[in-house]
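S.K.: If you're matching positions, the sequence shown starts at 1 in UniProt numbering and goes up one per residue. Next up is a structure, given as structure tokens.
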Amino acid sequence: MVIENALGARLNFRPVNLNQDSNVCVGFYEDMLLCAFGCAQQIQDPDGKQRYLQSLREKEAEVPGSIVHVWDETHIVGQIEMSLLKAEPAVGYIHFFYLTPEWRSRGAGKLLLAYATDFFAELGCERMKLSVSETNKRAARFYGHHGWIDIGPRQDRPELRLMEKPIGSAQTAEGSLQS
1 MVIENALGAR LNFRPVNLNQ DSNVCVGFYE DMLLCAFGCA QQIQDPDGKQ
51 RYLQSLREKE AEVPGSIVHV WDETHIVGQI EMSLLKAEPA VGYIHFFYLT
101 PEWRSRGAGK LLLAYATDFF AELGCERMKL SVSETNKRAA RFYGHHGWID
151 IGPRQDRPEL RLMEKPIGSA QTAEGSLQS
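Put into structure tokens, the structure is as follows:
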């Protein structure tokens with residue numbers, strides 16, 4: 001799927017090819033850990049990369065199409081990892097939302113949110129959730145600006161804030177490609 005924003009940024013969303021692009025996935029995840037937590041130890045541990053790649057395979061097997069790379073015309077510039085919450089079947093969860101530094105603050109994040117919103121809407125979800133590190137103020141501002149509500153700390157990891165956004169009739173037209 002190719003989508004374009006008002007600034008002319010054209011992005012293509014394609015399923016991740018782990019056989020070909022696993023190093024890209026690992027690099028993006030490592031950068032996110034550094035940005036959000038200041039440390040990437042969990043991916044740098046001896047089996048950290050393999051654990052992470054296995055988690056991607058499992059998510060993709062559970063919900064096909066839920067792990068996507070974001071391409072400009074020739075390069076991978078982002079990644080989204082999504083799943084459905086087992087405890088809340090009508091809730092989609094964004095595990096990982098990433099853009100390379102040169103694509104940040106150019107309106108591309110809005111396109112990734114729209115893609116995720118439509119992906120979950122097609123699966124019948126009523127809401128989306130994600131977690132954001134308390135130290136990642138830039139990400140928290142971005143999500144808040146786009147209608148996400150901070151619903152408090154995660155019970156299992158209180159250093160993370162849980163955020164939520166409705167899908168469908170309760171959401172603003174800005175949050176979907178189908179507006």
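Backbone N, C-alpha and C fix where the C-beta goes; we use that ideal spot for every residue, glycine too.
1. Answer yes if the stretch 131–145 comes into contact with the stretch 155–166, meaning at least three C-beta pairs across the two stretches below 8 Å, and no otherwise.
2. Count the C-beta pairs between the stretch 113–131 and the stretch 90–99 that are closer than 8 Å, then say yes if the count reaches three, no if not.
3. Do the stretch 34–53 and the stretch 72–86 make contact, defined as three or more Cβ pairs closer than 8 Å?
4. Please name the residue in A114, F97 and L111 whose C-alpha comes closest to that of V132.
5. How would you call S105, buried or exposed, if buried means at least 16 neighbouring beta carbons within 10 angstroms?
6. Looking only at its chain, what residues have a beta carbon closer than 7 Å to the beta carbon of E60, apart from the 5 residues adjacent to it on each side?
7. Is it the case that the Cβ atoms of E30 and I43 are separated by a distance below 8 Å?
8. If you count every other CB in all the chains shown that lies within 10 Å of the CB of residue 192, and 16 or more means buried, which is it?
9. Are the Cβ atoms of R157 and H69 separated by less than 8 Å?
10. Give the straight-line distance between the Cα atoms of N12 and R154, rounded to the nearest whole angstrom.
11. Starting from E30, trace the beta strand (DSSP E) both ways and give me its first and last residue.
12. Opposite I76 in the DSSP bridges: which residues?
M.R.: On the basis of the data shown:
1. yes
2. yes
3. Here the stretch 34–53 does not lie against the stretch 72–86, with fewer than 3 beta-carbon pairs under 8 Å apart.
4. Here the question's residue 132 lines up with position 132 in the sequence shown. Of A114, F97 and L111, the residue nearest in Cα terms is F97.
5. As a first step, residue 105 is located in the sequence shown; it is residue number 105 there, counting from the start. Exposed: under 16 other Cβ atoms inside 10 Å.
6. Here residue 60 refers to the residue found at position 60 of the sequence shown. S66 and I67.
7. Translated into the one-based positions of the sequence shown, residue 30 becomes position 30. Translated into the one-based positions of the sequence shown, residue 43 becomes position 43. Taking 8 Å as the Cβ cut-off, E30 and I43 qualify as a contacting pair.
8. The structure shown does not extend to residue 192, since the chain is modelled only from 1 through 179, so no value can be given for it.
9. Along the sequence shown, read from residue 1 onward, the residue named residue 157 stands at position 157. Along the sequence shown, read from residue 1 onward, the residue named residue 69 stands at position 69. No; because the gap between Cβ atoms is not below 8 Å, this pair is not in contact.
10. Here the question's residue 12 lines up with position 12 in the sequence shown. Here the question's residue 154 lines up with position 154 in the sequence shown. If I take the Cα positions, the gap works out to 32 Å.
11. Here residue 30 corresponds to residue number 30 of the sequence shown, with the count starting at 1. Segment L18 to F37 is the alpha helix (DSSP H) holding E30; no beta strand (DSSP E) there.
12. Numbered from its first residue, the sequence shown carries residue 76 at position 76. Answer by DSSP bridge pairing, in chain order: W71.
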